[in-house]
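Student: Residue numbering for the sequence shown follows the numbering used here, beginning at 8 and increasing consecutively.
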Amino acid sequence: MTLFIIIRFIILIHAIFGGLSLISGTIAFLSNKGKKIHTLSGKIFYYSLGISILISLMVAIMPGHYNPFLFSIGVFSLYFILIGRRAINYKNPNHNFLIDRLIHCILILTGSSMIIMPYILNSSFNLVSGIFGIIGISFGIKNLLILRQPSTLKSQWLRVHIIHISGGYIAAISAFLVVNQVFMPLLNWFLPSITGTAAIIYFLRKIQIKKYQVFSMSIPLIILTFIFTHQIKAQNEILYEPLGKEIGIRVGISKTRLQDRRLSAKTFYNWSPKYGIQFSNRKTNNQSRTRIDFTYIKGHKKDKSFTINSILSQVNYSFQYQAADGLWIGGFCNNFALINFPKSFAMAMFTNNIISYTMIQTIGPGLGFYPSKKNNSAFVGNIEIPLLGYVVQPIYGHPYPENFLKEGTFNPTREGMTIPMLKSGKFLSLPKFSSIKLEVGLFYYPNPDYKLGIEIQGEMVNANANGKSVRILSNDVILSAGYIY
8 MTLFIIIRFI
18 ILIHAIFGGL
28 SLISGTIAFL
38 SNKGKKIHTL
48 SGKIFYYSLG
58 ISILISLMVA
68 IMPGHYNPFL
78 FSIGVFSLYF
88 ILIGRRAINY
98 KNPNHNFLID
108 RLIHCILILT
118 GSSMIIMPYI
128 LNSSFNLVSG
138 IFGIIGISFG
148 IKNLLILRQP
158 STLKSQWLRV
168 HIIHISGGYI
178 AAISAFLVVN
188 QVFMPLLNWF
198 LPSITGTAAI
208 IYFLRKIQIK
218 KYQVFSMSIP
228 LIILTFIFTH
238 QIKAQNEILY
248 EPLGKEIGIR
258 VGISKTRLQD
268 RRLSAKTFYN
278 WSPKYGIQFS
288 NRKTNNQSRT
298 RIDFTYIKGH
308 KKDKSFTINS
318 ILSQVNYSFQ
328 YQAADGLWIG
338 GFCNNFALIN
348 FPKSFAMAMF
358 TNNIISYTMI
368 QTIGPGLGFY
378 PSKKNNSAFV
388 GNIEIPLLGY
398 VVQPIYGHPY
408 PENFLKEGTF
418 NPTREGMTIP
428 MLKSGKFLSL
438 PKFSSIKLEV
448 GLFYYPNPDY
458 KLGIEIQGEM
468 VNANANGKSV
478 RILSNDVILS
488 AGYIY
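1) Do A178 and G25 have their CB atoms nearer than 8 Å?
2) Just to confirm, is the Cβ distance from S38 to S28 under 8 Å?
3) Return the bridge partner residues of R257 from the DSSP annotation.
4) With a threshold of 7 Å on Cβ separation, who are the neighbours of I14 within its own chain once the five nearest residues in sequence on each side are excluded?
5) Rounded to whole angstroms, what's the CA-CA distance from F146 to S287? Just pull it up for me.
6) To the nearest angstrom, how far is the alpha carbon of L533 from that of G259?
7) Report the rounded CA-to-CA distance for I115 versus I80, giving the unit in angstroms.
8) Of the choices I148, L486 and T9, whose alpha-carbon is the least far from that of S261?
9) Assuming R166 and L211 make a contact with CB atoms under 8 Å, what is their CB distance in whole Å?
10) Does the Cβ-Cβ distance between K252 and Y53 come in under 8 Å?
11) CB-CB under 6 Å to L85, same chain, minus the five flanking residues each way: which ones, in chain order?
12) Please report the straight-line C-alpha distance between Y97 and I153, rounded to a whole angstrom.
13) Taking the continuous alpha helix (DSSP H) assigned at D456, which residues delimit it?
14) Quick one: Cα of S31 to Cα of I23, how far?
15) Which of helix, strand or coil does DSSP assign to I68?
16) Which of the three DSSP states is assigned to S481 in this structure?
17) Looking at the unbroken alpha helix (DSSP H) that takes in I127, where does it start and where does it end?
18) I need the boundaries of the alpha helix (DSSP H) containing T33, first residue and last residue.
19) Go ahead and pull the three-state DSSP assignment for Q156.
20) Go ahead and pull the three-state DSSP assignment for G41.
21) For G140 and I148, I'd like the C-alpha separation in whole angstroms.
22) For S55, which option in H21, G283, F87 and H45 has the closest C-alpha, if you only look at C-alpha atoms?
23) Would you check if the distance between the CB atom of D107 and the CB atom of R93 is smaller than 8 Å?
24) Output the distance between the C-alpha atoms of V484 and I201, rounded to the nearest integer angstrom.
25) Suppose contacts are defined by Cβ-Cβ distances below 8 Å. Is I88 in contact with I172 by that definition?
26) Where does Y492 sit, in a helix, a strand or coil, going by DSSP?
27) Do N482 and G465 come within 8 Å of each other at the CB atom, strictly closer than that value?
28) So, at 6 Å on beta carbons, what are the nonlocal neighbours of I44 in its own chain, with the 5 sequence-adjacent residues on each side left out?
29) Based on Cα-Cα distance, which residue from P75, I62, T33 and Y176 lies nearest to F16?
30) Give the single residue among A488, Y452, S119 and H168 whose Cα lies nearest to the Cα of Y282.
31) Suppose contacts are defined by Cβ-Cβ distances below 8 Å. Is K144 in contact with G174 by that definition?
32) Let me make sure I understand the geometry here. Which of Y490, I180, I113 and N99 has the alpha-carbon closest to that of I284?
33) Determine, using beta carbons only, whether I169 and I122 come nearer to each other than 8 Å.
34) By the three-class DSSP mapping on this structure, what secondary structure does H171 have?
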């Protein structure tokens with residue numbers, strides 16, 4: 008029996024167990040949680056998918072089929088189902104977390120190798136492998152930090168189980184659709200991730216677990232978005248917007264919410280109109296754009312924000328002004344090195360006249376000034392360090408000063424929450440302060456002279472101050488129209 012026949016036979020076994028995991032996973036996914044049918048089908052799914060993944064790992068290192076990237080992806084999938092299965096035992100007070108820590112460390116090492124090995128083998132950075140590597144490192148570190156609080160895990164085991172085991176199920180469906188080309192390539196990549204992420208959110212809300220991690224649940228969607236746009240880039244080398252000058256208008260709505268993370272209590276929520284104008288002058292493929300946005304906060308005539316956002320040669324310069332009881336005047340400079348805007352996976356051309364982009368904040372310094380009515384002014388510095396869109400801002404503040412959240416503006420203090428970032432003009436460091444920033448857009452060109460667009464922008468800020476754990480959510484939906492001349 009030749010090696011070729013042996014490998015073909017092994018691949019056949021892999022496909023059989025993969026199909027079994029797909030069927031049993033669907034039954035477990037649709038059945039009532041806690042029932043015998045869910046438990047039985049879940050076990051079949053776990054073991055069949057585990058065997059299928061182990062076989063794929065073996066094939067990925069065989070002669071003629073050697074593929075380090077697919078091997079690493081197999082480790083990712085195995086990680087999801089292992090942690091999802093072991094999470095069931097987190098409710099056991101005598102559970103030993105040593106193996107869990109070892110699994111997380113293996114994922115961190117795997118992610119590191121996916122970033123380093125392309126440099127060693129090819130002296131270049133592999134985009135898709137690097138993205139998976141960053142995700143793996145962030146996932147492993149995040150879960151290692153969670154293990155430092157076993158008492159929390161005992162009450163949150165179901166959340167961990169749902170998120171991770173569903174991630175394995177999404178991976179199984181994606182593999183089936185992509186290999187068999189069931190739908191058009193776009194749907195094969197996107198459909199499992201979008202529907203799976205929505206289902207995870209639904210089930211977590213159904214069992215009344217409110218403190219789920221949005222970042223964790225959006226991981227599959229982010230992964231597939233990057234892979235998909237990278238694939239499109241390989242097929243469409245020219246991904247530029249039409250050259251020329253452009254003037255346009257932007258209208259939309261902005262939603263802001265402030266809540267206590269520990270109590271999941273919503274203390275402030277409103278929708279506000281947002282409108283602005285945009286100027287672009289694209290003489291070359293290095294796009295230059297200036298955007299001016301105004302946001303008037305509903306119910307507060309004196310409270311508004313004003314932003315000038317300019318992109319020059321792939322560098323974003325932003326000036327922000329927020330007029331409330333606390334005034335923020337400041338600027339940021341962000342180099343879009345991760346996305347190489349607009350030529351890399353941040354922008355993909357679906358057809359000849361439709362362009363989409365996914366823009367994630369990258370590293371950049373900022374400096375602001377808070378003039379206070381009490382004559383206690385202060386400069387605020389800000390450094391943003393990215394980890395695939397997870398922006399850590401550890402140094403001296405953010406455009407949400409103490410006065411901005413006091414009685415008389417948004418009035419969140421009625422439930423005892425404030426974020427006192429500034430006191431008497433002095434810096435106050437917030438060691439646990441982070442935010443996620445993501446922007447997605449879709450533009451349509453009916454002809455070379457006109458442009459229509461829709462953009463979705465989101466930011467989630469987490470802050471810990473004075474024993475309070477606060478989350479600020481802001482989302483914008485913007486419609487735009489432009490004339491190119």
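Each residue gets a CB set at the ideal place from its N, CA and C atoms; glycine is no exception.
Everything numeric in this text was worked out from a predicted model, so none of it was measured.
Tutor: Once the coordinates are examined:
1) By 1-based counting over the sequence shown, the position of residue 178 is 171. By 1-based counting over the sequence shown, the position of residue 25 is 18. Contact: no.
2) Locating residue 38 in the sequence shown gives position 31, counting from the first residue. Locating residue 28 in the sequence shown gives position 21, counting from the first residue. In this structure, the beta-carbon distance from S38 to S28 does not fall below 8 Å.
3) Residue mapping note: residue 257 aligns to position 250 of the sequence shown, counting from 1. Looking at the DSSP output, R257 sits in a beta bridge with G283 and S487.
4) Locating residue 14 in the sequence shown gives position 7, counting from the first residue. Excluding residues within five positions, the ones whose Cβ falls inside 7 Å are V66, M69 and H72.
5) One-based indexing of the sequence shown puts residue 146 at position 139. One-based indexing of the sequence shown puts residue 287 at position 280. Near 38 Å, if we compare the C-alpha coordinates of S287 and F146.
6) Look at the range of the chain in this structure, 8 to 492, and you will see that residue 533 is not part of it.
7) Residue numbering aside, residue 115 sits at position 108 when the sequence shown is read from its first letter. Residue numbering aside, residue 80 sits at position 73 when the sequence shown is read from its first letter. Approximately 13 Å, taken between the alpha carbons.
8) Here residue 261 refers to the residue found at position 254 when the sequence shown is read from its first residue. Residue L486 holds the alpha-carbon nearest to the alpha-carbon of S261 among I148, L486 and T9.
9) Within the sequence shown, numbered from 1, the residue matching residue 166 stands at position 159. Within the sequence shown, numbered from 1, the residue matching residue 211 stands at position 204. With 8 Å as the limit, R166 and L211 qualify as a contact, their Cβ atoms being about 6 Å apart.
10) As a position in the sequence shown, residue 252 is number 245, starting the count at 1. As a position in the sequence shown, residue 53 is number 46, starting the count at 1. Contact: no.
11) Looking up residue 85 in the sequence shown gives position 78. Excluding its 5 nearest sequence neighbours in each direction, L85 has C-beta neighbours in its own chain below 6 Å: I60, listed in chain order.
12) Residue mapping note: residue 97 aligns to position 90 of the sequence shown, counting from 1. Residue mapping note: residue 153 aligns to position 146 of the sequence shown, counting from 1. Take the alpha-carbon of Y97 and the one of I153: they are about 12 Å apart.
13) On the sequence shown, position 449 is the one that residue 456 refers to. For D456, no alpha helix (DSSP H) encloses it, and the DSSP letter there is neither H nor E.
14) In the sequence shown, the residue the question calls residue 31 occupies position 24. In the sequence shown, the residue the question calls residue 23 occupies position 16. One alpha carbon belongs to S31, the other to I23, and they sit about 12 Å apart.
15) Residue 68 sits at position 61 when you count from the first residue of the sequence shown. DSSP places I68 in coil when its eight states are reduced to three.
16) In the sequence shown, residue 481 corresponds to position 474, counting from 1. Correct three-state label for S481: strand.
17) Indexing the sequence shown from 1 puts residue 127 at position 120. Membership of I127 in the alpha helix (DSSP H) is indicated by the continuous run L105 to N129.
18) Residue numbering aside, residue 33 sits at position 26 when the sequence shown is read from its first letter. Residues L10 to L37.
19) The sequence position of residue 156 within the sequence shown is 149, counting from 1. In the structure shown, Q156 sits in coil (DSSP, three-state: anything other than H, G, I, E or B).
20) Within the sequence shown, the letter at position 34 stands for residue 41. Reduced to three states, the DSSP call for G41 is coil.
21) Stepping through the sequence shown from its first residue, residue 140 is reached at position 133. Stepping through the sequence shown from its first residue, residue 148 is reached at position 141. If I take the Cα positions, the gap works out to 12 Å.
22) On the sequence shown, residue 55 is found 48 positions in, with the first residue counted as 1. Residue H21 is the option with its Cα nearest to S55.
23) Locating residue 107 in the sequence shown gives position 100, where the first residue counts as 1. Locating residue 93 in the sequence shown gives position 86, where the first residue counts as 1. For D107 and R93, yes; Cβs fall inside 8 Å.
24) Locating residue 484 in the sequence shown gives position 477, where the first residue counts as 1. Locating residue 201 in the sequence shown gives position 194, where the first residue counts as 1. Answer to the nearest angstrom: the Cα atoms are 19 Å apart.
25) As a first step, residue 88 must be located in the sequence shown, where it is residue number 81. As a first step, residue 172 must be located in the sequence shown, where it is residue number 165. It is a contact, given that the beta carbons lie within the stated cut-off.
26) In the sequence shown, counting from the first residue as 1, residue 492 sits at position 485. Y492 falls in the coil class under three-state DSSP.
27) Working through the sequence shown from its first residue, we reach residue 465 at position 458. Working through the sequence shown from its first residue, we reach residue 482 at position 475. Contact annotation: G465 and N482 have beta-carbon atoms nearer than 8 Å.
28) Position 37 of the sequence shown, counted from the start, is the residue given in the question as residue 44. So the list reads S38, once near-sequence residues are dropped.
29) As a first step, residue 16 is located in the sequence shown; it is residue number 9 there, counting from the start. Nearest option by C-alpha distance: I62.
30) Residue 282 sits at position 275 when you count from the first residue of the sequence shown. Cα-wise, what sits closest to Y282 is A488.
31) Residue numbering aside, residue 144 sits at position 137 when the sequence shown is read from its first letter. Residue numbering aside, residue 174 sits at position 167 when the sequence shown is read from its first letter. Here residue 144 is Ile; the residue named in the question, Lys, does not match the sequence. Going by C-beta atoms, I144 is not nearer than 8 Å to G174.
32) Against the sequence shown, residue 284 aligns to sequence position 277. For I284, the nearest C-alpha among the options comes from Y490.
33) For the purposes of this step, residue 169 is taken as residue 162 along the sequence shown, with counting starting at 1. For the purposes of this step, residue 122 is taken as residue 115 along the sequence shown, with counting starting at 1. No; because the gap between Cβ atoms is not below 8 Å, this pair is not in contact.
34) Against the sequence shown, residue 171 aligns to sequence position 164. Here H171 sits in helix by DSSP.
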